[in-house]
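Enquirer: Chains as they are written, first to last, in the working numbering: chain A, 60 to 274; chain B, 843 to 942; chain C, 10 to 555. Just so it is clear, CB atoms sit at the ideal spot from N, CA and C, and this is done for glycine as well. Provided herewith is a single structure, encoded as structure tokens, for subsequent inquiry.
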Amino acid sequence: MSDLSIVRAHQFDDIEQQHDASWIGMWVFLGTEVMFFGGMFTGYTLYRNAYPQAFASASNHLDIWLGTINTAVLICSSFTMALAVRSAQLGERKPIINFLLLTILLGAVFLGIKFTEYYFKFEEHLVPGAAFNYEASLARPAEIFFSFYFAMTGMHALHMIIGIGLLTVLIIKARRGRFSAVYHTPVELVGLYWHFVDIVWIFLFPLLYLVGRHL
Amino acid sequence: MSSGHVLSVKLYAVIFGSLIALTLTTTGVAFMDLGRGLNAVIALAIAVLKALLVILYFMHARYSSRLTWVFAGAGFFWLMILIGGTMDDFLTRNWFGTLG
Amino acid sequence: MNEQSIERREHYLNVNYGIRSWLFTTDHKRIAWLYLLSVTFFFFIGGFFATLIRLELLTPQGDLVQAETYNKLFTMHGVTMVFFFLIPSIPAVLGNFLVPMMIGARDLAFPRLNLASWYIFILGGLFTVAAAAAGGVDTGWTFYTPYSSIYSNTHVALTVVGIFITGFSSILTGLNFIVTIHTMRAPGMTWFRLPLFIWAHYATSIIFILGTPVIAIALTLVGLERIFHLGIFDPALGGDPLLFQHLFWFYSHPAVYIMILPAMGVVSELIACFSRKRVFGYGFVAFSSLAIAVLGFLVWGHHMFVAGQSVHAGMVFSLLSFLVAIPSAIKVFNWTATLHKGSVSYNAPMLYALGFIGLFTIGGLTGLFLATLGIDIHVHDTYFVIAHFHYIMVGGAVMGYLGGIHFWWPKMTGRIYPEVWARIAALVIFIGFNLTFFPQFILGYLGMPRRYHVYPPEFQVLNVMSTAGASILAVGYVLPLLYLMWSLRYGAVAGANPWRARGLEWQTASPPPTDNFDRTPIVTEGAYAYEKEPEEIYTFGKPAHV
Numbered sequence: 060m061s062d063l064s065i066v067r068a069h070q071f072d073d074i075e076q077q078h079d080a081s082w083i084g085m086w087v088f089l090g091t092e093v094m095f096f097g098g099m100f101t102g103y104t105l106y107r108n109a110y111p112q113a114f115a116s117a118s119n120h121l122d123i124w125l126g127t128i129n130t131a132v133l134i135c136s137s138f139t140m141a142l143a144v145r146s147a148q149l150g151e152r153k154p155i156i157n158f159l160l161l162t163i164l165l166g167a168v169f170l171g172i173k174f175t176e177y178y179f180k181f182e183e184h185l186v187p188g189a190a191f192n193y194e195a196s197l198a199r200p201a202e203i204f205f206s207f208y209f210a211m212t213g214m215h216a217l218h219m220i221i222g223i224g225l226l227t228v229l230i231i232k233a234r235r236g237r238f239s240a241v242y243h244t245p246v247e248l249v250g251l252y253w254h255f256v257d258i259v260w261i262f263l264f265p266l267l268y269l270v271g272r273h274l
Numbered sequence: 843m844s845s846g847h848v849l850s851v852k853l854y855a856v857i858f859g860s861l862i863a864l865t866l867t868t869t870g871v872a873f874m875d876l877g878r879g880l881n882a883v884i885a886l887a888i889a890v891l892k893a894l895l896v897i898l899y900f901m902h903a904r905y906s907s908r909l910t911w912v913f914a915g916a917g918f919f920w921l922m923i924l925i926g927g928t929m930d931d932f933l934t935r936n937w938f939g940t941l942g
Numbered sequence: 010m011n012e013q014s015i016e017r018r019e020h021y022l023n024v025n026y027g028i029r030s031w032l033f034t035t036d037h038k039r040i041a042w043l044y045l046l047s048v049t050f051f052f053f054i055g056g057f058f059a060t061l062i063r064l065e066l067l068t069p070q071g072d073l074v075q076a077e078t079y080n081k082l083f084t085m086h087g088v089t090m091v092f093f094f095l096i097p098s099i100p101a102v103l104g105n106f107l108v109p110m111m112i113g114a115r116d117l118a119f120p121r122l123n124l125a126s127w128y129i130f131i132l133g134g135l136f137t138v139a140a141a142a143a144g145g146v147d148t149g150w151t152f153y154t155p156y157s158s159i160y161s162n163t164h165v166a167l168t169v170v171g172i173f174i175t176g177f178s179s180i181l182t183g184l185n186f187i188v189t190i191h192t193m194r195a196p197g198m199t200w201f202r203l204p205l206f207i208w209a210h211y212a213t214s215i216i217f218i219l220g221t222p223v224i225a226i227a228l229t230l231v232g233l234e235r236i237f238h239l240g241i242f243d244p245a246l247g248g249d250p251l252l253f254q255h256l257f258w259f260y261s262h263p264a265v266y267i268m269i270l271p272a273m274g275v276v277s278e279l280i281a282c283f284s285r286k287r288v289f290g291y292g293f294v295a296f297s298s299l300a301i302a303v304l305g306f307l308v309w310g311h312h313m314f315v316a317g318q319s320v321h322a323g324m325v326f327s328l329l330s331f332l333v334a335i336p337s338a339i340k341v342f343n344w345t346a347t348l349h350k351g352s353v354s355y356n357a358p359m360l361y362a363l364g365f366i367g368l369f370t371i372g373g374l375t376g377l378f379l380a381t382l383g384i385d386i387h388v389h390d391t392y393f394v395i396a397h398f399h400y401i402m403v404g405g406a407v408m409g410y411l412g413g414i415h416f417w418w419p420k421m422t423g424r425i426y427p428e429v430w431a432r433i434a435a436l437v438i439f440i441g442f443n444l445t446f447f448p449q450f451i452l453g454y455l456g457m458p459r460r461y462h463v464y465p466p467e468f469q470v471l472n473v474m475s476t477a478g479a480s481i482l483a484v485g486y487v488l489p490l491l492y493l494m495w496s497l498r499y500g501a502v503a504g505a506n507p508w509r510a511r512g513l514e515w516q517t518a519s520p521p522p523t524d525n526f527d528r529t530p531i532v533t534e535g536a537y538a539y540e541k542e543p544e545e546i547y548t549f550g551k552p553a554h555v
């Protein structure tokens, strides 16, 4: 058990106040992230409404199975992250590290599949810009779809990379015995962040991959 | 704020299983023709359900203070304002025309 | 307190010396000073651009600068003033200094994040200064697409990166304030005992949190379009330039409430102190701050009435814009009622507060003209709009900022500023301001468009008047810079409470110790109990040092 006076910052009266402040702080931050991604969801809504046919056509060019697998991979990683937090709550040490490692691994799998998809899109000339090539009648709005695809999944991937960085820091701290049943706030906060990134993907998947699949 | 509630592995596993099931469902339903509008609605409804499961259980919102709920909900509510206002403009462009 | 005690007693300024103790500080009061110096620097940069604009507009012809250069001048003036002065000024300087003290806390919830906020602000500022040095941007501070995303040949990407980075500074400050106010109030400091300055900063922080990320993504998408050719706003692809305007103004309209709400918070404190009275209708003023923050998010389309937005949306946004004026009006009425039968004194901070009330009212009323669809068709993008927002931003926000700086100067520095010079400066600013901007209402009404470096000769008289006013205003701004600096060395030593005010910040020494209070305050009364003595309102508990 670590010495409590070491982990309480001087501006707080007690460790409970510190925990409450940190918890609320992370939720507030996630609120900003909702609005950040939300701007892109707004644009997406506008254009899907304007060009339903092009969006359906373009969506069918994404690999629905890689997308589904990736969604499952990310959900697994949220599961392992939740278990990591649970281990921290119970004051365990090795299980925290193991679950965090699993989470990183699953996150890396997700990114690997994602960048593979990007590579395929590049080869199929579906990256917006000079090399973009598509069926003539739908080409222009399809390029808008792919602009959103790359912008939204790219921003999401960036957040995942940052998340993996945070998880690495947690593992280092856990190995040094910094967490206990009484103090494990960083694990909880990174957990909240990681779950949020999962939620963004939960919305991205149907909006990008599942448009007009029945056509 | 977060109650320090320790949830059982079993509960997490049930949520996890539900999320996977919902994922497979949403992919499967995508291939069925429910009328174009309904496909989108179902897909979004499933996504909302999945997000709620993650927020309530994985993120412990179910066991947290009201203040947490307020902050958790505020972002989504505000996003609806942004989307709502923007779409109001876009969808009514042909009603009375524009001033520009 | 005798002359020597300020030297012997330890406080937050003398506890540590040296540049490292400032650049690595986590003390909210020192961070407030870092921001004070930074925003002052940017204010004069923005003022420099304004000077060149007003000099060009002395004559109807474009004889001082070329059109392209003029476009860069008004863009850089707007970007610098909005993002690097107005938005941070009161929250990051006065808010940082006072929020913990007013609620009886030792610091903000996240002191290191607070320092990070400042470094992020500086980094963003450096990017923007670099863009200016490299030749500037000519899109207007509004960055409308497709000009900004495709056609402009200036340093758009560099500038939007700078603004994006600075946005994080705002977000983190807002986050810090919200968490602090929720979790770190002193014993007995219930929500309805909080000073209105705190309510104002809480409301402002809501806007920081929910609004700033949207301009971040809007500018990111412009940057991605410029650099990676992601065609999100490109009309050639079927993109809608209005999408950018929706995303941009969703933040930038609430941003103007970021700029005015803190100033209103300052005004509440000043009116109460210099009338020796409780603020009339405290609850109404507190809820009005929240109402302004919330309603302020519902009106952004009033910037787009003639941009191609639907008439239906225009009507909705017009109606909501009328509604948002109501809470502001409630505040003006309540401040006025506070003055009634108060024991009013006219120290410099009070002159700024009174000036605020008058000028903000004019600015706010002209906003109603602009919210009226039929009128806006004629005055949109004219000098009427420019006059409107300068009445609020300069006549309102800047005067609130200066009033606050003067009022809390003794607390921050332990010195009194020279009152005579301060009143002179306030008067010079008031006169210079009105001479600069009132003619612009007339110019706009007569049809002079904004963002043009040439104009028809019949507008010259009013333009010359405006430039003359600007030169007086400039003098008025330089004066405080000089006498405030002078007072640091030669000003009279201040006691803990030279104004005999009632806030918690006045119940500790000037300058305060690093942890703000020697003993934890315990609050038993509301904020403006001017009918009682401070000892009856506050007691102090166990030692605050931990």
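Would you verify that the beta carbon of B:Asp875 is, or is not, closer than 8 Å to some beta carbon of chain A?
Expert: So, interface residue.
Enquirer: So, using beta-carbon positions, are B:Phe913 and A:Val246 closer together than 8 Å?
Expert: The answer is no: Cβ separation not under 8 Å.
Enquirer: Contact defined as beta carbons within less than 8 Å: I believe C:Lys286 pairs with C:Tyr539. What is the distance between those atoms, to the nearest angstrom?
Expert: Yes, they are in contact, since the Cβ atoms of C:Lys286 and C:Tyr539 sit about 6 Å apart, within 8 Å.
Enquirer: Using alpha carbons as the reference points, say which of A:Leu170, A:Pro265, A:Phe205 and A:Ile231 lies closest to A:Ile220.
Expert: Nearest of A:Leu170, A:Pro265, A:Phe205 and A:Ile231 to A:Ile220, Cα basis: A:Leu170.
Enquirer: Given C:Ala140, which residues of its chain have a CB within under 7 Å of its CB, disregarding the five upstream and five downstream residues?
Expert: These residues qualify, in order along the chain: Val146, His164, Leu167, Thr168 and Gly171.
Enquirer: Suppose only complete runs of 4+ residues qualify. What are the alpha helix (DSSP H) ranges in the segment 83 to 163 of chain C, listed by chain order?
Expert: Here the runs fully enclosed are 105 to 112 and 120 to 142.
Enquirer: Against chain C, does A:Ile32 count as a neighbour if the rule is that its beta carbon must be under 8 Å from one of theirs?
Expert: Absent from the structure is residue 32 of chain A, since the part of chain A shown begins at 60 and ends at 274.
Enquirer: Whole angstroms is fine: what's the gap from A:Ser136's alpha carbon to B:Ala893's?
Expert: When rounded, the distance between both Cα atoms is 15 Å.
Enquirer: Within the same chain, show all residues whose beta-carbon is closer than 8 Å to that of C:Val48, passing over the 5 residues directly before and after it, in chain order.
Expert: Around C:Val48: Phe93, Phe94, Pro97, Ser98, Ala101 and Val102.
Enquirer: Go ahead and label C:Arg115 buried or exposed: buried means 16 or more other beta carbons lie within 10 angstroms of its beta carbon, across all protein chains shown.
Expert: Classification of C:Arg115: buried, given that the 10 Å Cβ count is 16 or more.
Enquirer: Is A:Asn119 close to chain B? Criterion is C-beta to C-beta, closer than 8 Å.
Expert: Not closer than 8 Å to any Cβ of chain B, the Cβ of A:Asn119 fails to qualify, so no.
Enquirer: Looking at C:Gly372 and C:Phe439, is the spacing between their C-beta atoms short of 8 Å?
Expert: No, Cβ-Cβ distance for C:Phe439 and C:Gly372 is not below 8 Å.
Enquirer: Looking at C:Tyr260: is its Cβ nearer than 8 Å to the Cβ of C:Val223?
Expert: The answer is yes: Cβ separation under 8 Å.
Enquirer: What three-state label does DSSP hand A:Ser61 in the structure shown?
Expert: Confidence at A:Ser61 is low in this model, with a pLDDT of 49, below 50, so its placement is unreliable and the value that follows should be read with caution. A:Ser61 falls in the coil class under three-state DSSP.
Enquirer: By how many angstroms is the C-alpha of A:Gly271 removed from the C-alpha of B:Gly877?
Expert: Those two C-alpha atoms are separated by around 10 Å.
Enquirer: Starting from the beta carbon of A:Gly150, find every residue of chain B whose beta carbon is closer than 9 Å, and list them in chain order.
Expert: Under the 9 Å cutoff, chain B gives no residues; its nearest Cβ is about 10 Å from A:Gly150.
Enquirer: Between B:Ile862 and chain C, is any beta-carbon pair separated by less than 8 Å?
Expert: For B:Ile862, the answer is no, since every Cβ of chain C falls outside 8 Å of its Cβ.
Enquirer: Between the Cα of C:Trp150 and those of C:Ala212, C:Gly197, C:Gly232 and C:Phe257, spot the shortest distance and give me the residue it belongs to.
Expert: Per the Cα distances, C:Phe257.
Enquirer: Going by DSSP in three states, C:Val24 sits in which element: helix, strand or coil?
Expert: Three-state DSSP puts C:Val24 in coil, outside helix and strand.
Enquirer: What residues match up with B:Thr940 in a beta bridge as DSSP calls it?
Expert: Bridge partners of B:Thr940: C:Ser319.
Enquirer: Is the shortest distance between the beta-carbon of C:Phe119 and the beta-carbons of chain A less than 8 Å?
Expert: Judged by the 8 Å Cβ criterion, C:Phe119 is in contact with chain A.
Enquirer: Is the beta carbon of C:Phe468 less than 8 Å from the beta carbon of C:Met359?
Expert: Going by C-beta atoms, C:Phe468 is not nearer than 8 Å to C:Met359.
Enquirer: With the cut-off set at 8 Å, would you say B:Trp920 and A:Met214 are in Cβ contact?
Expert: Against a cut-off of 8 Å, the Cβ pair of A:Met214 and B:Trp920 comes out as no contact.
Enquirer: Which residue wins for smallest C-alpha separation from C:Lys38, given the options C:Pro250, C:Asn23 and C:Phe51?
Expert: If we check each option's Cα against that of C:Lys38, C:Asn23 comes out closest.
Enquirer: By DSSP, does C:Ser352 sit in helix, in strand, or in coil?
Expert: Here C:Ser352 sits in coil by DSSP.
Enquirer: Using 10 angstroms around the beta-carbon of C:Lys81, count the other beta-carbons present and answer buried if the total reaches 16, otherwise exposed.
Expert: When all chains shown are included, C:Lys81 counts as buried.
Enquirer: Is the shortest distance between the beta-carbon of B:Ile923 and the beta-carbons of chain C less than 8 Å?
Expert: Yes, contact with chain C.
Enquirer: Counting only Cβ pairs nearer than 7 Å, list the residues of chain A close to B:Asn936.
Expert: Neighbours of B:Asn936 on chain A: none; closest Cβ ~12 Å, over 7 Å.
Enquirer: So, do the segment 396 to 406 of chain C and the segment 436 to 450 of chain C have three or more beta carbon pairs nearer to each other than 8 Å?
Expert: Because the criterion of three Cβ pairs below 8 Å is met, the segment 396 to 406 of chain C and the segment 436 to 450 of chain C touch.
Enquirer: Hey, is B:Lys852's beta-carbon within less than 8 Å of any beta-carbon in chain A?
Expert: B:Lys852 does not count as touching chain A.
Enquirer: Please determine if the segment 107 to 126 of chain A and the segment 196 to 216 of chain A are in contact, where contact requires at least 3 C-beta pairs separated by less than 8 Å.
Expert: As far as the Cβ criterion goes, the segment 107 to 126 of chain A touches the segment 196 to 216 of chain A, which means the pair count is three or higher.
Enquirer: Kindly indicate which residue of C:His311, C:Arg509, C:Pro204 and C:Val388 has the alpha-carbon position closest to the one of B:Gly927.
Expert: Of C:His311, C:Arg509, C:Pro204 and C:Val388, the residue nearest in Cα terms is C:His311.
Enquirer: Measuring only between beta-carbons, confirm whether C:Ile180 sits less than 8 Å from chain A.
Expert: So yes, C:Ile180 belongs to the interface.
Enquirer: With C:Pro250 and C:Ala300 assumed to form a contact (beta carbons below 8 Å), what rounded beta-carbon distance in angstroms separates them?
Expert: Not quite, the Cβ-Cβ distance comes to about 32 Å (not below 8 Å), so this is no contact.
Enquirer: Check each candidate in C:Pro522, C:Leu328, C:Leu239 and C:Ile269 and name the one with the smallest Cα separation from C:Phe398.
Expert: Nearest of C:Pro522, C:Leu328, C:Leu239 and C:Ile269 to C:Phe398, Cα basis: C:Ile269.
Enquirer: Along the segment 311 to 327 of chain C, where does the CB come closer than 9 Å to a CB of chain B? Name the residues.
Expert: Those would be Met313, Phe314, Val315, Ala316, Gly317, Gln318, Ser319, Val320, His321, Ala322, Gly323, Met324, Val325 and Phe326, in chain order.
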